[in-house]
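I have placed the structure first, in the form of structure tokens, so that the comments after it can refer back to it.
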Amino acid sequence: MIRLFLALSLAAGPCPIQFTDVARDVRLTFVHERGATPEHHLPETMGSGLAWLDYDGDGFMDLYVVQSGRFPPKADPKAQDRLFRNNGDGTFTDVTTKAGLRDAAYGMGAFAADYDNDGAVDLLVTNWGGVILYHNNGDGTFTDVTAKVGLKATGWFTAAAWGDVDGDGFLDLFLARYVDDRNEGKLFCGDVATGERMYCPPMMYPGTTDLLYHSNGDGTFRDVTREAGLSEKVGKGLGAVFIDIDLDGKADLYVANDEVVNFLFHNVGGRRFEDISVLSGTGFDPEGNPQGGMGVDAGDLDGDGLPDLAVANFEAQTNEYYRNLGSGVFDDLSISSGFGLTAGNFVGFGLNFLDADDSGSLDAFIANGHVWERPKRQGASYAQRPLLMWNDGKGHFDRRACGSALERAIVGRGSAVADYDNDGDPDIAVSTSGGSLLLLRNDGSHGNWLGVHLVGKRSNRQGIGARLVAETPAGKRLMRFVQAGNSYLSSSDPRVLFGLGSEKSLRRLTVTWPSGIVQVLENPATGRYLRIEESEPGRP
Amino acid sequence: MLRARKLALALAAFFGAAVLRADDPILQAEKLLARKEYAAAERLLRETLEADPTSARAHGNLALALLPQRKLREAVDEGRLAAAFGPGSGEARYIYGLALKADGRPLEAAREFERAVALKPGEPAPLEALAEAYAAAEDDRAAEAYERLIGLEPERPALRISFVDYLWRAGETKRGNEAAAAALEHFPQSIELHALYGRALFDQERFVDASAELARARELGDRDAGTLSLLGNALWQSGRIDAAREILEGAVREHPQAMSLHQDLGRFLLSQGQSEAALPPLAEVARAKPRDAAAQLDLGRACEGAARLPEAEAAYRQAVSLAPQLSAPRYALGRLLVRQGRREEGQKELAVYQSLYTLAERRIFESESRRGEALLAWSELRAGKPAEALKHFESLPESADSLTGQAAALSHLKRHREAVEVLERARTLRPDSPKIQAMLAAERAHAEQRP
Numbered sequence: 001m002i003r004l005f006l007a008l009s010l011a012a013g014p015c016p017i018q019f020t021d022v023a024r025d026v027r028l029t030f031v032h033e034r035g036a037t038p039e040h041h042l043p044e045t046m047g048s049g050l051a052w053l054d055y056d057g058d059g060f061m062d063l064y065v066v067q068s069g070r071f072p073p074k075a076d077p078k079a080q081d082r083l084f085r086n087n088g089d090g091t092f093t094d095v096t097t098k099a100g101l102r103d104a105a106y107g108m109g110a111f112a113a114d115y116d117n118d119g120a121v122d123l124l125v126t127n128w129g130g131v132i133l134y135h136n137n138g139d140g141t142f143t144d145v146t147a148k149v150g151l152k153a154t155g156w157f158t159a160a161a162w163g164d165v166d167g168d169g170f171l172d173l174f175l176a177r178y179v180d181d182r183n184e185g186k187l188f189c190g191d192v193a194t195g196e197r198m199y200c201p202p203m204m205y206p207g208t209t210d211l212l213y214h215s216n217g218d219g220t221f222r223d224v225t226r227e228a229g230l231s232e233k234v235g236k237g238l239g240a241v242f243i244d245i246d247l248d249g250k251a252d253l254y255v256a257n258d259e260v261v262n263f264l265f266h267n268v269g270g271r272r273f274e275d276i277s278v279l280s281g282t283g284f285d286p287e288g289n290p291q292g293g294m295g296v297d298a299g300d301l302d303g304d305g306l307p308d309l310a311v312a313n314f315e316a317q318t319n320e321y322y323r324n325l326g327s328g329v330f331d332d333l334s335i336s337s338g339f340g341l342t343a344g345n346f347v348g349f350g351l352n353f354l355d356a357d358d359s360g361s362l363d364a365f366i367a368n369g370h371v372w373e374r375p376k377r378q379g380a381s382y383a384q385r386p387l388l389m390w391n392d393g394k395g396h397f398d399r400r401a402c403g404s405a406l407e408r409a410i411v412g413r414g415s416a417v418a419d420y421d422n423d424g425d426p427d428i429a430v431s432t433s434g435g436s437l438l439l440l441r442n443d444g445s446h447g448n449w450l451g452v453h454l455v456g457k458r459s460n461r462q463g464i465g466a467r468l469v470a471e472t473p474a475g476k477r478l479m480r481f482v483q484a485g486n487s488y489l490s491s492s493d494p495r496v497l498f499g500l501g502s503e504k505s506l507r508r509l510t511v512t513w514p515s516g517i518v519q520v521l522e523n524p525a526t527g528r529y530l531r532i533e534e535s536e537p538g539r540p
Numbered sequence: 001m002l003r004a005r006k007l008a009l010a011l012a013a014f015f016g017a018a019v020l021r022a023d024d025p026i027l028q029a030e031k032l033l034a035r036k037e038y039a040a041a042e043r044l045l046r047e048t049l050e051a052d053p054t055s056a057r058a059h060g061n062l063a064l065a066l067l068p069q070r071k072l073r074e075a076v077d078e079g080r081l082a083a084a085f086g087p088g089s090g091e092a093r094y095i096y097g098l099a100l101k102a103d104g105r106p107l108e109a110a111r112e113f114e115r116a117v118a119l120k121p122g123e124p125a126p127l128e129a130l131a132e133a134y135a136a137a138e139d140d141r142a143a144e145a146y147e148r149l150i151g152l153e154p155e156r157p158a159l160r161i162s163f164v165d166y167l168w169r170a171g172e173t174k175r176g177n178e179a180a181a182a183a184l185e186h187f188p189q190s191i192e193l194h195a196l197y198g199r200a201l202f203d204q205e206r207f208v209d210a211s212a213e214l215a216r217a218r219e220l221g222d223r224d225a226g227t228l229s230l231l232g233n234a235l236w237q238s239g240r241i242d243a244a245r246e247i248l249e250g251a252v253r254e255h256p257q258a259m260s261l262h263q264d265l266g267r268f269l270l271s272q273g274q275s276e277a278a279l280p281p282l283a284e285v286a287r288a289k290p291r292d293a294a295a296q297l298d299l300g301r302a303c304e305g306a307a308r309l310p311e312a313e314a315a316y317r318q319a320v321s322l323a324p325q326l327s328a329p330r331y332a333l334g335r336l337l338v339r340q341g342r343r344e345e346g347q348k349e350l351a352v353y354q355s356l357y358t359l360a361e362r363r364i365f366e367s368e369s370r371r372g373e374a375l376l377a378w379s380e381l382r383a384g385k386p387a388e389a390l391k392h393f394e395s396l397p398e399s400a401d402s403l404t405g406q407a408a409a410l411s412h413l414k415r416h417r418e419a420v421e422v423l424e425r426a427r428t429l430r431p432d433s434p435k436i437q438a439m440l441a442a443e444r445a446h447a448e449q450r451p
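In structure tokens form, the structure reads like this:
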């Protein structure tokens with residue numbers, strides 16, 4: 001059935017900043033290989049993700065890019081993921097081999113976090129077939145510790161997210177799986193008369209369960225999916241984010257599923273999750289229909305002090321903006337806010353909240369690209385331009401034309417945000433299916449800013465899950481969260497960037513750590529990155 | 001019901017067959033038939049046949065007189081006699097075919113039409129009947145028959161319409177579109193063709209092209225509510241929001257009694273976040289259709305969007321009571337209650353919704369995956385791999401479609417007796433399918449030829 005939808009050609013408004021694709025200039029040369037075959041295996045449509053991480057601790061964000069390769073997977077150099085070291089001068093160097101990274105599986109996503117709190121950021125890679133956990137040795141190299149730490153599950157792994165579910169100071173790991181494609185050989189989609197195949201829709205594949213691994217605190221993990229109440233939840237996960245939706249200090253979990261209900265799991269006591277997907281209103285569109293959920297992000301879009309949720313969806317559906325009303329209840333503002341009005345022919349994948357002009361409000365970047373080379377829907381194309389949805393500060397959005405890089409059609413997939421040049425504005429890396437990597441550098445004038453780099457002590461080392469509130473002299477409160485895993489198959493810069501607009505200073509910065517410790521900094525200096533180590537009140 | 005046009009064609013065929021005296025009773029009877037005085041014609045023809053029971057023309061005409069009176073068995077008998085006494089008469093075969101078709105015997109009818117066409121290859125009427133019979137049986141020969149027919153009668157738009165309609169129904173989308181475009185070149189002023197093509201393009205999700213065709217139909221004078229509705233929706237889908245609104249609002253003004261148009265307009269406005277504006281048309285629909293759950297649900301959505309929450313709740317509750325098995329009103333009501341802080345009440349509705357959703361999700365997966373499996377089997381058959389296809393068809397749950405596939409595969413493997421058995425089972429599941437009947441007849445014939 002055709003769903004009737006929205007304005008496709010809303011004109012983009014002017015933009016005070018410009019995004020420029022500088023990937024080639026900075027030597028981020030990477031071409032995704034999707035391994036398209038005449039058989040049209042579903043994994044070939046997925047593209048891949050990327051992860052920003054400061055693997056060498058030099059204060060500059062490096063970039064890990066996931067490669068797919070041939071399908072079915074074969075040991076193939078073309079399938080090798082890549083790690084690009086940020087040289088600190090605006091350029092990158094491919095250090096994959098030097099770093100000892102050898103993942104040549106059919107890759108999906110990458111999610112960086114310091115899981116063992118040793119001060120060196122580790123890396124989880126999801127693949128079709130399994131996952132790989134790379135332990136950062138702290139000397140510029142990594143070691144595959146997957147089996148050693150107990151991450152042996154199999155399946156088609158896609159999204160992942162790191163979060164301290166039980167508040168013990170160690171990061172736990174959520175792994176989403178997409179579909180069970182073992183019987184794909186029994187399906188045909190396409191033109192029976194000519195035998196020409198196309199990709200089958202996800203509805204034809206059975207869903208699967210996701211997995212939750214608890215960190216034992218000694219570097220190993222234990223599967224607690226059943227104990228956490230997640231073992232019966234069958235989905236088709238493509239996006240996941242840990243976010244404390246009710247500000248009770250416990251990491252809740254939101255999962256975008258493809259054409260089935262999205263999950264919102266409320267963390268009850270740090271050991272168990274309660275499924276509030278339907279009750280919360282975040283499982284479906286406003287009419288109760290499941291959507292083709294891909295990328296997700298969470299953040300306070302309307303400045304009311306509660307984290308909201310957003311999902312990038314398939315064509316002829318709206319990109320969803322769920323406004324948090326408190327008490328685990330959300331309102332769907334996709335239409336009334338303008339957030340979803342441009343969705344129409346676009347197939348949304350990567351989705352990131354970012355304060356593009358450092359104005360103090362979170363905008364949204366959406367990487368689009370179809371899954372079919374020849375989309376059935378007239379007007380839709382395989383390559384599609386990305387969208388920058390501009391926030392007026394009150395949670396109302398309109399599309400802005402922020403540079404030619406955002407007008408160029410790409411087959412967009414994963415996207416991840418980082419201030420790679422440490423100039424105080426967010427840049428965006430975008431992977432494309434079967435195409436070149438993009439690095440969208442944020443150029444132009446923007447507001448004042450403050451960057452925050454957390455170092456946990458009682459909490460996990462990176463302060464993942466921490467809530468930061470910046471108060472301006474004018475009384476505006478900006479709330480941000482530290483996350484590890486969001487968007488589509490990707491993870492972003494874990495540092496928090498506050499855009500302050502025309503405010504020259506900050507009155508106060510409050511950090512609520514995952515440990516529960518609340519740390520307040522009065523009048524922090526702005527226009528720089530601030531390193532904050534977790535400390536008890538009254539202690540330095 | 002036999003169409004008057006076919007009667008006239010059949011009669012015309014007979015008029016041309018032989019010269020009769022002006023006072024000949026057969027000629028008198030044919031005049032009565034032309035005036036649709038069927039009972040009088042029947043009486044006169046029966047009298048004539050008493051005098052000359054071997055007159056093929058009288059038997060044929062009697063069959064034609066009996067058909068509109070729904071005396072089908074007698075019409076078949078008379079048709080058979082006409083064919084028997086006029087074995088070289090294409091007209092008699094054609095009339096016999098018409099009687100068989102009216103009696104629900106499409107395969108036998110098609111056989112008679114084939115004979116009629118063979119005897120009268122330049123006569124459009126039997127060829128049209130044959131094309132229709134093939135199309136009904138999903139027989140590939142329909143396309144060729146239509147093409148020949150169009151060659152005989154190039155100035156009849158209706159034939160083009162039937163042809164493209166057949167191609168689209170047969171899944172030959174591209175060929176259907178080409179035929180439609182060719183027909184439109186020949187009949188650029190045909191409202192019906194523009195509207196039909198627009199509708200097909202809409203179904204193909206070619207909304208830009210669909211809106212162009214539908215707009216052309218409208219320009220040529222099509223004021224049909226269905227066309228206007230589709231045009232508005234095509235414009236909406238194409239992102240031409242202002243134009244869609246203009247068309248839908250105009251359509252409502254033009255057809256104030258057409259509730260479907262009020263509903264289209266209201267839903268369109270809701271989708272644009274204009275709940276206040278959506279209220280009047282959706283309230284109109286709800287008033288006109290107080291027992292329609294969908295109308296109440298739409299009204300509730302508009303009220304909710306306009307912050308008229310008590311009215312929204314009342315409308316949702318009405319929708320739930322009208323259609324308790326529908327999931328959407330449960331979701332809307334449950335969500336409204338939860339957002340109002342009435343969590344427990346809302347949870348009850350949402351729990352019902354969730355169970356309905358879970359069932360629906362399972363059904364969708366099962367039907368979709370079965371569809372993919374069936375398509376694999378059909379593609380294997382097309383690719384000349386009947387053994388593999390048979391294996392896959394056999395692995396599907398028994399249904400008319402899977403059995404039809406099995407039979408097709410068995411036929412390719414020349415296992416005709418087994419194909420007959422399988423098709424007999426398919427026929428019990430779908431007794432009215434001309435396709436199954438056609439296959440069954442063909443397999444029986446093959447089975448009889450092969451020991």
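Protein chains in written order, with my numbering: chain A, 1 to 540; chain B, 1 to 451.
The beta-carbon is built from N, C-alpha and C at its ideal position, and this holds for glycine as well.
Any Cβ of chain A closer than 7 Å to the Cβ of residue 247 of chain B would place that residue at the interface, and such an atom is absent. Between residue 118 of chain A and residue 461 of chain A, the alpha-carbon positions lie close to 8 Å from each other. At a cut-off of 7 Å, the C-beta of residue 336 of chain B has no neighbouring C-beta in chain A. Taking a contact to require three or more Cβ pairs closer than 8 Å, the stretch 110 to 125 of chain A and the stretch 201 to 208 of chain A do not qualify as touching. Against chain B, a Cβ distance below 9 Å from residue 325 of chain A picks out 339. Contact of residue 378 of chain B with chain A by beta-carbon distance below 8 Å involves 188, 192. For chain A, the residues of the stretch 206 to 221 of chain B that bring a beta carbon within less than 9 Å of one of its beta carbons are 206, 207, 208, 209, 210, in chain order. The continuous alpha helix (DSSP H) containing residue 392 of chain B extends over residues 386 to 395.
By the criterion of at least three beta-carbon pairs nearer than 8 Å, the stretch 379 to 386 of chain A is in contact with the stretch 410 to 418 of chain A. Rounded to the nearest whole angstrom, the CA to CA distance from residue 336 of chain A to residue 424 of chain B is 57 Å. The C-beta of residue 204 of chain A comes closer than 7 Å to at least one C-beta of chain B. In the three-state reduction of the DSSP assignment, residue 176 of chain B falls in the helix class, which pools H, G and I. Contact annotation for residue 365 of chain B against chain A: 203, 206 [CB-CB distance below 7 Å, chain order]. Taking a beta-carbon distance threshold of 7 Å, residue 383 of chain B counts as an interface residue toward chain A. Among the CB atoms of chain A, none fall inside 7 Å of the CB of residue 274 of chain B. Residue 63 of chain B is a Cβ neighbour of residue 79 of chain B, given a cutoff of 7 Å. Flagged as an interface residue toward chain B: residue 336 of chain A, by a C-beta distance shorter than 7 Å. Residue 83 of chain A and residue 260 of chain A have their C-alpha atoms some 34 Å from each other. For residue 150 of chain B, the enclosing alpha helix (DSSP H) starts and ends at 141 to 152. Residues of chain B whose Cβ lies closer than 8 Å to the Cβ of residue 236 of chain A do not exist, since the nearest Cβ in that chain is about 10 Å away.
Less than 7 Å separates the beta-carbon of residue 262 of chain B from that of residue 281 of chain B. With a contact defined as Cβ atoms closer than 8 Å, residue 517 of chain A and residue 533 of chain A miss out at about 11 Å. Any Cβ of chain A closer than 7 Å to the Cβ of residue 318 of chain B would place that residue at the interface, and such an atom is absent.
Interface criterion not met: the Cβ of residue 387 of chain B is under 7 Å from no Cβ in chain A. Note on geometry: alpha-carbon atoms of residue 298 of chain A and residue 182 of chain A lie some 33 Å from one another. Not flagged as an interface residue toward chain A: residue 355 of chain B, since no C-beta distance is shorter than 7 Å. Taking the Cα positions, residue 405 of chain B is about 13 Å away from residue 443 of chain B. Here residue 266 of chain B carries a helix assignment [DSSP, helix/strand/coil].
If the five residues before and after residue 325 of chain A are omitted, its C-beta is found closer than 7 Å to the C-beta atoms of 331, all from its own chain and listed in chain order. Non-local beta-carbon contacts of residue 38 of chain B in its own chain, meaning distances under 7 Å to residues more than five positions away in sequence, involve 65, 68, 69 in chain order.
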